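Taking it in order: structure first as structure tokens, then the write-up.
Protein chains: 2
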Amino acid sequence: MTKTPAKSWQAIQAEVTRRINTRIWPPGEMLPNEIDLAVEFGCARTTVNRALQALADKGVLERRRKAGTRVALNPVRKVVLSIPIIREEIEQSGAGYGYQLINAQKLPAPPAICDALQTPAGTKAYSVKALHLAGGKPFVFEERWVNILSVPTIQTADLAKMSANEWLVQNAPFSRGTLSFSAIIADEALAKHLTCPVGSALFCLERGTWNGEQSITRARLYYGPGYKMETSI
Amino acid sequence: MTKTPAKSWQAIQAEVTRRINTRIWPPGEMLPNEIDLAVEFGCARTTVNRALQALADKGVLERRRKAGTRVALNPVRKVVLSIPIIREEIEQSGAGYGYQLINAQKLPAPPAICDALQTPAGTKAYSVKALHLAGGKPFVFEERWVNILSVPTIQTADLAKMSANEWLVQNAPFSRGTLSFSAIIADEALAKHLTCPVGSALFCLERGTWNGEQSITRARLYYGPGYKMETSI
DNA sequence: GTCGACTTTATGTCTGCACATAATAATCCA
DNA sequence: TGGATTATTATGTGCAGACATAAAGTCGAC
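If you want it as structure tokens, here you go:
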């Protein structure tokens, strides 16, 4: 067996990845325990542990106490997706960022929203509609409901100057959230806001946030036609 | 200052998260260095380091040598998205999984594909079209091109029995890949395959994989109307 | 004053050791 | 034989100490 001199845990990670990719350790294969690997690599077990844990986080390895470590049968299931901050995303593309508040008002929330916000049916919530512009053109249409039981102060915020998202980030902490991606047909209202044809396919990102058990907000971001959200593995 | 007895790095992570959420450390705020935190928490610096690193990985903190650690201005940008294995996704929903090969043949690849596969324009590639069924109904339509310069053996694979994805996972290792999500209008061909109306909005996942500098495959998965890809933060 | 070289500092990582924990394997007893 | 108890084992985590490294700050030469 070839001696593999390793310096850092990243080097070990790379070597393990290489062995997986070259099928030295095919999917499903058990790999030697940390102590043996540490001996082989000439380093401390802690270092091996760190490398393997990182790979397990990525979903490349599956580890169980006592059972040991094995190569995941379905590699590459987990991807780190950076949810772009709209402003940054636009500015990085070189276009100027613009923001336009369409309206913000307290309204009786539709049943689906009351359900999502966990408020009694018919409760009022704060509705915010806004447009994010790239180079003066509509880029994302934002449709948001804010739970005024959790965040009453939003009603006094000047959302024409600061986007609801930025305001919430600074004023309403949250502990967990959900995200979903879907495709949706542009109806007349959406088409008008995004100045695109009715019937276009829009990429939709829906986000809900909670602070503990309290629901904060629920937002839908409709991206203009042709938008792609990209990431790499 | 209140003494915070901490047991594990997860507890420290939780405490730091709490301080961020409650604005004790607002966005942009510098936090004490690891040594001071270790003293405060009554643990080793290693333990603090681990907690903070985990938070930095999540995008909650920004760390730079010498500069120190600060609360990220734009929290929660990074999300771990588990790309569902179609078969598992369907089986988990309780529906039976079905797979149907539509066709697999060597064809001159369109320019966009040659470009993506990094082969000379007009080169032939292996085209695979297939359908994944949930409970007998079309769920995902898969349109794939495989680089036969990198993976010639795919031409002899029996893709009626094993999906191209599974075959590739077992036979063609890759070192990196790209993913993109978008929304697309169902044209006649797509509508026919997915038995949905022409003009439906389809969620589209496009994946490209490479082994080193060699391109392996490029696939598009078209999900039926109404599909949502979900994750939580 | 400006540019480089040196110092300082906070994080990054490694080591060796110890003990905790989960899950399997082995054993024991009814 | 079968079910519960105990041992074994691989990973999970903690600690103290050391050195590495990047980057900000400082100081000196010109």
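Residue numbers (my numbering), protein chains in the order written: chain E, 238 to 470; chain C, 238 to 470.
Ideal Cβ positions, reconstructed from N, Cα and C, are used throughout, including at glycine.
All of these numbers come straight from a predicted model, not from anything done at the bench.
For this session: Could you pull out every residue in the same chain whose Cβ sits closer than 6 angstroms to the Cβ of E:GLN337, ignoring the five residues on either side in sequence?
Result: Excluding sequence neighbours, E:GLN337 sits near LEU368.
Problem set entry | Member of C:ILE350, C:ARG301, C:SER319 whose CA lies at the smallest distance from the CA of C:VAL383 | Looking from the CA of C:VAL383, the closest CA among C:ILE350, C:ARG301, C:SER319 belongs to C:ILE350.
For this session: Can you grab the Cα-Cα spacing for the pair C:CYS280 / C:HIS430, in whole Å?
Result: 60 angstroms
For this session: Please look up how many angstroms separate the CB atoms of C:GLU380 and C:ALA456, rounded, as I've assumed it's under 8 angstroms.
Result: 7 angstroms
For this session: Give every residue of the same chain whose Cβ lies closer than 7 angstroms to the Cβ of C:ALA473, excluding the five residues on either side of it in the sequence, and list them in chain order.
Result: This structure gives no information on residue 473 of chain C, because the portion of chain C shown stretches from 238 to 470.
For this session: Flag E:TYR334 as yes if its beta-carbon sits less than 8 angstroms from any beta-carbon of chain C, otherwise no.
Result: no
Exercise. Looking at chain E, which residues of the region 311-331 of chain C have a Cβ within less than 8 angstroms of any of its Cβ atoms?
Worked result: ASN311, PRO312, VAL313, ARG314, LYS315, VAL316, VAL317, LEU318, SER319, ILE320, PRO321, ILE322, GLU325
Problem set entry | Same chain, Cβ closer than 6 angstroms to C:ILE421, neighbours up to 5 away in sequence not counted | LEU439, CYS441
Exercise. Span of the alpha helix (DSSP H) holding C:THR356?
Worked result: Unbroken run through C:THR356: none, as it is neither H nor E.
For this session: Leaving aside the five residues before and after E:SER417 along the sequence, list all residues of the same chain whose C-beta is less than 6 angstroms from its C-beta, in chain order.
Result: GLU443
Exercise. What does C:GLN451 touch in chain E if you count any residue whose Cβ is under 9 angstroms from its own?
Worked result: Those within 9 angstroms of C:GLN451 in chain E number zero; the least Cβ separation is about 12 angstroms.
Exercise. For C:PRO410 and chain E, any beta-carbon pair shorter than 8 angstroms?
Worked result: Interface residue, yes.
For this session: Measuring only between beta-carbons, confirm whether C:ARG455 sits less than 8 angstroms from chain E.
Result: no
For this session: Would you mind telling me which residues of chain C sit closer than 8 angstroms to E:GLY461, beta carbon to beta carbon, in chain order?
Result: Going along chain C, no residue has its Cβ under 8 angstroms from E:GLY461, so there is no contact; the nearest lies around 10 angstroms.
Exercise. Under 8 angstroms between C-beta atoms, does E:SER400 make it to chain C?
Worked result: No, E:SER400 lies away from the interface with chain C (no Cβ there is under 8 angstroms from its Cβ).
For this session: With a threshold of 16 other CB atoms inside 10 Å of the CB of E:THR393, please say whether the residue is buried or exposed.
Result: exposed
Problem set entry | Other residues of its chain near E:SER419: CB distance less than 6 angstroms, five sequence neighbours each side excluded | CYS441
Problem set entry | Pairwise C-alpha distance: E:GLY449 and C:THR239 | Note that C:THR239 scores a pLDDT of 43, beneath 50, so its modelled location is shaky and nothing firm can be said.
Exercise. With a cut-off of 8 angstroms, do at least 3 Cβ pairs link the region 340-360 of chain C to the region 286-295 of chain C?
Worked result: With a cut-off of 8 angstroms on Cβ pairs, the region 340-360 of chain C is not in contact with the region 286-295 of chain C, counting fewer than three such pairs.
Exercise. What does E:VAL308 touch in chain C if you count any residue whose Cβ is under 9 angstroms from its own?
Worked result: In chain order: nothing, as chain C lies at least about 11 angstroms away.
Exercise. Name the DSSP beta bridge partners of C:TRP382, please?
Worked result: Partner(s): C:SER364, C:ARG455.
Exercise. Going by the CB atoms, is the gap between E:ILE453 and E:VAL406 shorter than 8 angstroms?
Worked result: no
For this session: For C:VAL406, decide whether its Cβ has a neighbour in chain E, counting only Cβ atoms nearer than 8 angstroms.
Result: yes
Exercise. If you draw a straight line from the alpha carbon of C:VAL365 to that of C:ILE322, how long is it in whole angstroms?
Worked result: Roughly 18 angstroms separates the two Cα atoms.
Exercise. Rounded C-beta distance between E:LEU318 and E:ALA309? I'm assuming under 8 angstroms.
Worked result: Their Cβ separation, rounded to whole angstroms, is 19 angstroms, which puts E:LEU318 and E:ALA309 out of contact at 8 angstroms.
Problem set entry | Under 8 angstroms from the C-beta of C:ILE421: neighbouring residues of chain E | Neighbours of C:ILE421 in chain E, taken as residues at a C-beta separation under 8 angstroms, are given in chain order as ALA420, ALA438.
Exercise. Going by beta carbon distance, what residues of the same chain come within less than 6 angstroms of C:ALA371, once the five residues before and after it are set aside?
Worked result: Scanning its chain for C-beta atoms nearer than 6 angstroms, with the 5 sequence neighbours on each side dropped, one finds around C:ALA371 the residues ILE327, ALA332, in chain order.
For this session: Measure the C-alpha to C-alpha separation of E:ASP424 and E:ARG307 and round it to an integer number of angstroms.
Result: One C-alpha to the other measures close to 49 angstroms.
For this session: May I have the straight-line CA-CA distance separating E:VAL316 from C:VAL276, to the nearest angstrom?
Result: 36 angstroms
For this session: Can you tell me which of C:ASN340, C:ILE249, C:GLN451 puts its alpha carbon nearest to the alpha carbon of C:ALA397?
Result: Closest by C-alpha distance to C:ALA397, out of C:ASN340, C:ILE249, C:GLN451, is C:ASN340.
Exercise. Taking Cβ-Cβ distances shorter than 9 angstroms, what residues in chain C pair up with E:ASN258?
Worked result: PRO410, PHE411, SER412, ASN448
Problem set entry | Length of the line joining the Cα atoms of C:ARG260 and E:ASN408 | 9 angstroms
For this session: Run down chain C in chain order and give the residues with a C-beta less than 8 angstroms from the C-beta of E:ALA264.
Result: Strictly speaking, residue 264 of chain E in this sequence is Pro, with Ala absent from that position. Result: VAL406, GLN407.
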